[in-house]
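Numbering (our numbering), first residue to last: 16 to 616. Just so it is clear, CB atoms sit at the ideal spot from N, CA and C, and this is done for glycine as well. Below is one structure, written out as structure tokens; the observations come after it.
If you want it as structure tokens, here you go:
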């Protein structure tokens with residue numbers, strides 16, 4: 016692939032492949048000179064490749080270096096297209112990086128491992144006018160300035176770039192053939208990869224979401240604002256799967272790393288050697304002590320869940336880690352121990368996957384209903400359309416009248432929210448959380464059922480604690496709970512709150528057993544939570560995704576979001592199209608209707 020970096024986001028302007036038909040090596044190319052053409056070329060390339068693989072499951076795609084696969088992952092996210100096809104090819108290890116094979120399998124006397132140096136082993140020196148990737152960038156920039164012809168038939172510059180790309184592809188094909196000859200000469204057997212298929216249930220759910228997204232995008236209404244709404248709804252359907260992909264990619268990338276590369280990766284822990292300390296009993300698990308170089312930099316710590324780097328079927332959890340002494344104890348349960356004791360030498364890579372299926376299922380239910388009825392929970396529709404909050408007795412103009420007390424005005428506005436969304440914004444130290452706690456207490460006094468959500472349990476506990484203190488000032492009592500699966504203390508003080516393990520223990524038949532419920536998006540996206548709340552308060556909204564808000568929205572009549580858009584934004588791993596990867600505050604702050612009135616609250 017040839018890319019041009021000097022436009023925003025870069026442009027992948029040429030896809031080239033050399034392929035065999037019988038004994039004949041042929042070449043095929045796809046060109047793109049703008050974003051729309053880039054999407055079309057990517058789709059055409061993926062369709063062609065995927066169809067060939069479907070016809071021959073033993074097929075591989077050989078490339079040299081990381082650029083091509085990284086670019087395709089980026090294009091899949093940018094254009095939200097051909098996601099399932101690329102996932103299938105990646106999971107089934109159809110792509111083969113010859114650089115990895117050369118680096119790990121050969122000792123060569125060349126200045127570097129670039130293909131221009133390595134190809135001397137299997138072909139004559141190149142004589143083309145364009146000799147390097149940087150040359151191709153320079154020539155493409157020249158074509159953009161001169162526009163000497165529209166394609167490689169009419170433009171000498173584009174033809175030279177095409178010839179260079181073809182030469183690269185032919186060289187890669189020749190190197191693959193040469194490596195096979197070396198393999199046969201050295202009698203090195205091929206070990207087929209172990210392919211881990213996703214569960215059928217997860218695959219069905221993902222395919223249903225993809226099909227619904229495609230349907231919504233293919234049937235956009237004529238009204239521009241409704242078309243924008245339907246577009247972002249369709250894009251949010253696969254938000255959580257797009258977020259999960261880089262986690263899986265990182266796991267498999269690390270699986271292919273050498274021990275030294277794992278040592279250099281601060282997310283991993285490499286070159287562990289078993290000590291003479293006998294295994295210990297840790298509750299129902301067994302602990303095994305290993306030694307590592309204390310100079311190794313690692314982000315791993317106690318409670319980190321891990322895979323064995325070179326055997327992804329084996330899992331463990333770090334029970335204790337002493338960086339100064341270079342000692343780590345891993346614990347393994349009965350299921351893992353049934354596969355045998357861990358090896359005397361191993362490396363660990365993190366298990367970073369967080370299952371967000373419950374939130375994705377809520378989004379799918381909501382949008383399946385949207386497809387049939389064109390109806391959303393009113394509060395989330397108000398938010399996504401960036402409408403002014405609907406407030407009884409205050410249909411237009413400022414939310415707060417000039418000169419009124421901020422807290423009292425906010426209480427009045429939120430008490431009168433009419434199936435809508437309102438945002439409380441302000442810099443750190445401005446008292447947002449305290450004001451929100453005061454508002455919640457006043458709502459509780461009127462018999463309202465309220466949820467408190469955020470990305471972190473600590474943020475939830477912080478707001479719940481402030482609610483408890485505000486209620487104590489008024490000598491007002493209520494029953495509250497915090498939903499969390501484990502018994503870890505996240506800083507929740509006092510006895511006003513019980514602990515619940517799951518949403519199903521709290522919600523049922525469209526109501527809550529408690530007046531105040533704290534939980535993450537997983538809790539409020541549960542099917543049992545639908546219509547259970549009068550208000551949902553979302554704290555630190557600058558770090559909460561629009562997708563998670565959509566997942567929680569069926570649980571409540573009204574939404575109040577609290578945060579500071581100038582603080583750190585949400586941690587995002589995936590590439591998301593349009594506005595679908597934005598946080599709540601990122602999404603709402605650009606509107607002339609929704610933003611300014613709320614910033615004054």
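### Task
Express the C-alpha separation of residue 603 and residue 398 in angstroms, rounding to a whole number.
Note on geometry: alpha-carbon atoms of residue 398 and residue 603 lie some 7 angstroms from one another.
### Query
How is residue 598 classed by DSSP in three states: helix, strand or coil?
In the structure shown, residue 598 sits in a strand (DSSP, three-state: E or B).
### Task
Go ahead and pull the three-state DSSP assignment for residue 218.
Three-state result, residue 218: helix.
### Task
Check each candidate in 150, 591, 601 and 530 and name the one with the smallest Cα separation from residue 258.
The residue among 150, 591, 601 and 530 with its C-alpha nearest the C-alpha of residue 258 is 591.
### Message
Helix, strand or coil, according to DSSP, for residue 472 in the structure here?
### Response
DSSP places residue 472 within a helical segment (H, G or I) once states are collapsed to three.
### Message
Closest to residue 233 by C-alpha separation, out of 161, 97, 245 and 346, would be which residue?
### Response
Shortest Cα-Cα distance from residue 233 to any of 161, 97, 245 and 346 involves 245.
#### Entry: Per-residue burial, residue 554 [other beta carbons within 10 Å of its own, 16 or more giving buried]
Burial call: buried.
### Query
Are there 16 or more other CB atoms within 10 angstroms of the CB of residue 120, so buried, or fewer, so exposed?
With fewer than 16 Cβ atoms within 10 Å of its Cβ, residue 120 is classed as exposed.
### Query
In three-state DSSP terms, what is residue 307?
DSSP places residue 307 in coil when its eight states are reduced to three.
### Query
Is residue 539 helix, strand or coil by DSSP?
For residue 539, the three-state secondary structure derived from DSSP is helix.
### Task
Grab the span of the beta strand (DSSP E) containing residue 45 for me, first residue to last.
That run of the beta strand (DSSP E) goes 39 to 46.
### Query
Does the Cβ of residue 570 have 16 or more other Cβ atoms within 10 Å, making it buried, or fewer, making it exposed?
Classification for residue 570: buried.
### Task
Would you mind giving the Cβ-Cβ distance between residue 436 and residue 577, rounded to the nearest angstrom? I have them listed as a contact below 8 angstroms.
In this structure residue 436 is not in contact with residue 577, their Cβ atoms being roughly 12 angstroms apart against a cut-off of 8 angstroms.
### Task
Go ahead and pull the three-state DSSP assignment for residue 499.
Residue 499 falls in the coil class under three-state DSSP.
### Message
Excluding the 5 residues flanking residue 66 on each side, which residues of the same chain have their C-beta closer than 6 angstroms to its C-beta?
### Response
No residues qualify anywhere along the chain.
### Message
Please state the DSSP three-state secondary structure of residue 347.
### Response
Three-state result, residue 347: strand.
### Query
Roughly how many angstroms lie between the CA atoms of residue 336 and residue 173, to the nearest whole one?
C-alpha separation (whole angstroms): 56 angstroms.
### Task
Taking only the alpha-carbon atoms, compute the straight-line gap between residue 582 and residue 601 and give it to the nearest angstrom.
The alpha-carbon atoms of residue 582 and residue 601 are separated by roughly 11 angstroms.
#### Entry: Environment of residue 453 [buried if 16+ CB atoms lie within 10 Å]
Residue 453 is buried by the Cβ-count criterion.
### Query
For the ligand ZN, any of its heavy atoms closer than 8 angstroms to the Cβ of residue 592?
In the structure on display, the ligand ZN does not appear, and there are no ligands present to speak of.
### Task
Pick helix, strand or coil for residue 393, following the three-state DSSP scheme.
In the structure shown, residue 393 sits in a helix (DSSP, three-state: H, G or I).
### Query
Looking at residue 24 and residue 254, is the spacing between their C-beta atoms short of 9 angstroms?
No; because the gap between Cβ atoms is not below 9 angstroms, this pair is not in contact.
### Task
Look at the Cβ atom of residue 364, then the Cβ atom of residue 269, and state whether they are nearer than 9 angstroms.
It is a contact, given that the beta carbons lie within the stated cut-off.
### Message
Taking its Cβ as the centre, do 16 or more other Cβ atoms sit within 10 Å of residue 182, making it buried, or is it exposed?
### Response
Answer is buried; the Cβ neighbour count reaches 16.
### Message
What does DSSP give as the partner residue(s) for residue 78 in the beta ladder?
### Response
The partner list for residue 78 (beta bridge, DSSP) reads 112.
### Query
For the region 94 to 181, which segments carrying the alpha helix (DSSP H) assignment without a break, of at least 4 residues, lie completely within its bounds, in sequence order?
Taking only runs of at least 4 residues, the alpha helix (DSSP H) segments lying wholly in the region 94 to 181 are 98 to 106, 113 to 120, 130 to 133 and 148 to 161.
### Query
Quick one: what's residue 265 bridged to in DSSP?
Checking the DSSP bridge columns, you'll see residue 265 has no partner listed.
#### Entry: Contact set for residue 460: own chain, Cβ-Cβ below 7 angstroms, skip 5 residues either direction
491, listed in sequence order.
### Query
Going by DSSP, which residues form a beta bridge with residue 440?
Paired residues: 578.
### With 16 other Cβ atoms within 10 Å as the buried cut-off, status of residue 28
Under this definition residue 28 is a buried residue.
### Query
Since residue 621 is in the alpha helix (DSSP H), which residue starts that stretch and which ends it?
With the chain running from 16 to 616 in the structure shown, residue 621 is simply not present.
### As assigned by DSSP and simplified to three states, the class of residue 28
Here DSSP, grouped into helix, strand and coil, assigns residue 28 to strand.
#### Entry: Cβ-based neighbour list, residue 612, same chain, cut-off 7 angstroms, excluding 5 preceding and 5 following
Its pLDDT being 38, under 50, residue 612 is placed unreliably by the model, and nothing is read from it.
### Query
In or out: residue 15 buried (at least 16 other Cβ within 10 Å) or exposed?
Any question about residue 15 goes unanswered here, given that the chain covers just 16 to 616.
### Task
Might you give, ordered along the chain, the residues of its own chain that have their beta carbon closer than 8 angstroms to the beta carbon of residue 177, omitting 5 neighbours on each side?
If the five residues before and after residue 177 are omitted, its C-beta is found closer than 8 angstroms to the C-beta atoms of 29, 31, 44 and 167, all from its own chain and listed in chain order.
### Supposed contact pair residue 266 and residue 323 - C-beta distance, whole angstroms, cut 8 angstroms
At roughly 12 angstroms, the Cβ-Cβ gap does not stay under 8 angstroms, so residue 323 and residue 266 are not in contact.
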